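All the letters of the sequence shown, read from the start, carry residue numbers 62 to 393 under the working numbering.
These notes concern the structure reproduced below.
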Amino acid sequence: MFNDKSILITGGTGSFGKCFTAYLLKHYSPKKVIIYSRDELKQFEMQQDFDAPAMRYFIGDVRDKERLKSAMREVDYVVHAAALKQVPAAEYNPNECIKTNINGAQNVIDAAIHADVRRVIALSTDKAANPVNLYGATKLASDKLFVAANNIAGAKGPRFAVVRYGNVVGSRGSVVPFYHKLLEQGTKVLPVTHEEMTRFWITLDEGVEFVIQNFQRMQGGEIFVPKIPSIRILDLVESISGKREYKLVGIRPGEKLHEVMVPEEMAHHSLEFDDHYVITPAIKFFDKNINYKKNKLGELGEEVADKFEYHSGTNPHFLTVEELKQLDKETL
62 MFNDKSILIT
72 GGTGSFGKCF
82 TAYLLKHYSP
92 KKVIIYSRDE
102 LKQFEMQQDF
112 DAPAMRYFIG
122 DVRDKERLKS
132 AMREVDYVVH
142 AAALKQVPAA
152 EYNPNECIKT
162 NINGAQNVID
172 AAIHADVRRV
182 IALSTDKAAN
192 PVNLYGATKL
202 ASDKLFVAAN
212 NIAGAKGPRF
222 AVVRYGNVVG
232 SRGSVVPFYH
242 KLLEQGTKVL
252 PVTHEEMTRF
262 WITLDEGVEF
272 VIQNFQRMQG
282 GEIFVPKIPS
292 IRILDLVESI
302 SGKREYKLVG
312 IRPGEKLHEV
322 MVPEEMAHHS
332 LEFDDHYVIT
342 PAIKFFDKNI
352 NYKKNKLGEL
362 GEEVADKFEY
372 HSGTNPHFLT
382 VEELKQLDKE
392 TL
């Protein structure tokens with residue numbers, strides 16, 4: 062679907078953007094791949110690895126609507142990956158997080174409608190479900206904006222959807238490279254905020270492939286949630302350090318013990334497919350009556366049970382220590 066098409070990635074110099082770009086160039090022949098980000102150094106460094114004729118680099122911030130409008134001219138598809146993502150940083154700098162994650166999301170929506178792009182997928186996070194920290198709250202607001210954008214765009218406008226998933230293995234700022242760095246510096250015992258902590262776990266490649274699939278599946282208004290494994294923090298410590306020794310440092314500002322991707326309160330809006338869940342819009346679109354039980358690929362979903370919740374602590378699939386070790390080797 063991306064052959065001879067133009068794709069724009071906000072926050073395109075990040076871990077996801079690089080992996081998504083590599084996938085596009087390997088599997089498709091896009092007309093243009095536009096990397097939109099505010100860091101000129103990261104763009105320069107990315108150009109050394111991605112210099113295909115289709116590549117374009119736009120310096121710009123999602124806070125700047127006019128620059129987004131300029132970058133989206135003649136664009137077919139948009140992936141919105143730009144965000145301020147560090148939980149403690151958001152707690153200490155709330156207004157900056159709001160400007161990027163909420164105001165920036167609305168700017169992406171407005172620019173996409175103005176440019177008449179075809180489809181937009183915004184990346185979300187498990188922290189957006191039942192949020193207790195500001196980062197999660199801003200991403201929940203962003204999710205709501207992208208769902209409602211289908212109403213604003215009207216019947217012939219762009220279609221908007223959201224992809225929500227958990228911690229990305231080895232992404233910049235995640236715990237795995239942090240632990241490896243500590244061990245390289247001679248740390249003997251790794252820090253743990255709480256020994257009962259669990260998280261959803263997904264690789265960058267899996268995240269990219271899931272986004273690609275959902276561009277094909279989407280009808281507009283869905284929040285797509287992949288079925289992925291969970292990890293226990295102490296299993297992760299053992300898989301990286303070779304021992305189960307740790308020091309408790311306390312939960313960081315805004316941090317949760319467990320994460321939820323489909324909250325119980327949204328069970329009556331949720332559908333289960335073979336390898337993913339879909340949270341359907343709580344609002345009705347005035348111009349469409351969409352059957353979300355059958356997506357654009359013809360896949361069929363069923364309603365989940367009452368009080369269903371997709372929770373990292375009760376997830377039936379947990380990675381073992383050995384599986385974590387193998388995954389660590391593959392992502393280094």
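All C-beta atoms in this analysis are idealised placements derived from N, C-alpha and C, irrespective of residue type, glycine included.
Just so you know, these numbers come straight off a predicted model, no measurement behind them.
Give the range of the alpha helix (DSSP H) segment to which residue i is assigned.
i    : result
S302 : 294-302
K126 : 126-132
I213 : 195-214
K390 : 382-392
M107 : 101-110
I120 : No alpha helix (DSSP H) holds I120; the beta strand (DSSP E) holding it covers 116-120.
G78  : 76-88
V136 : Run containing V136: none; DSSP gives neither H nor E here.
P149 : 148-153
Could you tell me whether the Cβ of residue i comes closer than 8 angstroms to any Cβ of chain D?
i    : result
H141 : Any reference to chain D falls outside this structure, which holds one protein chain only.
In this structure, how does DSSP classify residue i when only helix, strand and coil are distinguished?
i    : result
N164 : helix
I312 : coil
Y397 : Outside the displayed range of the chain (62 to 393) lies residue 397, so it cannot be described from this structure.
H372 : strand
H141 : strand
L358 : coil
I284 : strand
F346 : coil
F63  : coil
Y353 : coil
E326 : helix
E306 : coil
E364 : strand
With a cut-off of 8 angstroms on the beta carbons, I'd call residue i and residue j a contact; round off their distance for me.
i    : j    : result
V382 : E256 : That pair is no contact at about 15 angstroms.
V409 : R117 : Since the first residue of the chain shown is 62 and the last is 393, residue 409 is not available in this structure.
D110 : E320 : Contact doesn't hold; Cβ gap of about 32 angstroms is too wide.
V237 : E283 : In fact, because the Cβ distance is near 30 angstroms, the residues do not count as touching under 8 angstroms.
R313 : T375 : Wrong, their Cβ atoms sit about 23 angstroms apart, outside the cutoff.
I182 : N275 : 6 angstroms
A142 : G72  : 4 angstroms
V203 : S232 : Per the sequence shown, the amino acid found at residue 203 is Ser instead of Val. With a Cβ gap of about 19 angstroms, S203 and S232 do not count as contacting.
R260 : S373 : 6 angstroms
Where do the N-terminal and C-terminal ends of the beta strand (DSSP E) with residue i fall, by residue?
i    : result
F221 : 220-226
R260 : 259-263
V253 : 251-253
Y240 : Y240 -> not in any beta strand (DSSP E); alpha helix (DSSP H) instead, spanning 236-245.
K93  : 93-98
I68  : 67-71
V184 : The amino acid at residue 184 is misidentified as Val; the sequence shows Leu. Unbroken beta strand (DSSP E) run through L184: 180-186.
S232 : Unbroken run through S232: none, as it is neither H nor E.
E333 : 331-333
V323 : 321-323
CB-CB under 6 angstroms to residue i, same chain, minus the five flanking residues each way: which ones, in chain order?
i    : result
L195 : A151, E152, P155, C158
F271 : P287
G197 : K188, A189
H378 : P290
K146 : none
For residue i, which residues from the same chain have a beta carbon less than 7 angstroms from its beta carbon, with the 5 sequence-adjacent residues on both sides left out?
i    : result
W262 : G227, N228, V230, I289, P290, S291, I292, L380
K92  : D65, K66, S67, A115
P192 : A198, L201
A172 : K126, L129, K130, M133
E101 : I120
N356 : R278, Q280
L85  : F63, I68, P91, V94
T74  : I96, S98, D100, K103, Q104, M107
P149 : R313, P314, G315
Counting only the same chain and skipping the five closest in sequence on each side, list residues whose C-beta sits under 8 angstroms from that of residue i.
i    : result
K160 : R124
A328 : V365, A366, D367, K368, F369, E370
Y307 : V250, L251, P252, V253, E256, L295, V298
V323 : A190, V286, S331, Y338, I340, V365, F369, E370, Y371
Can we say the stretch 359-370 touches the stretch 327-339, given the rule of at least three CB pairs closer than 8 angstroms? Note that the stretch 359-370 touches the stretch 327-339; at least 3 beta-carbon pairs, one per stretch, sit closer than 8 angstroms.
Segment contact flag, the stretch 377-392 with the stretch 299-314, C-beta cutoff 8 angstroms, min 3 pairs: Contact between the stretch 377-392 and the stretch 299-314 is present, with at least three C-beta pairs closer than 8 angstroms.
Using 8 angstroms as the threshold, is the stretch 121-130 in touch with the stretch 101-109, meaning 3 or more CB pairs across them? Segments in contact, no.
Could you check whether the stretch 221-231 touches the stretch 345-355, counting it as contact only if at least three pairs of C-beta atoms, one from each stretch, sit closer than 8 angstroms? The stretch 221-231, when compared against the stretch 345-355, does not touch it at the 8 angstroms Cβ threshold.
Would you call the stretch 205-225 and the stretch 163-177 touching, i.e. three or more CB-CB distances under 8 angstroms? Using a Cβ-Cβ distance cut-off of 8 angstroms, the stretch 205-225 and the stretch 163-177 are in contact, since at least three pairs of beta carbons, one from each stretch, lie closer than that value.
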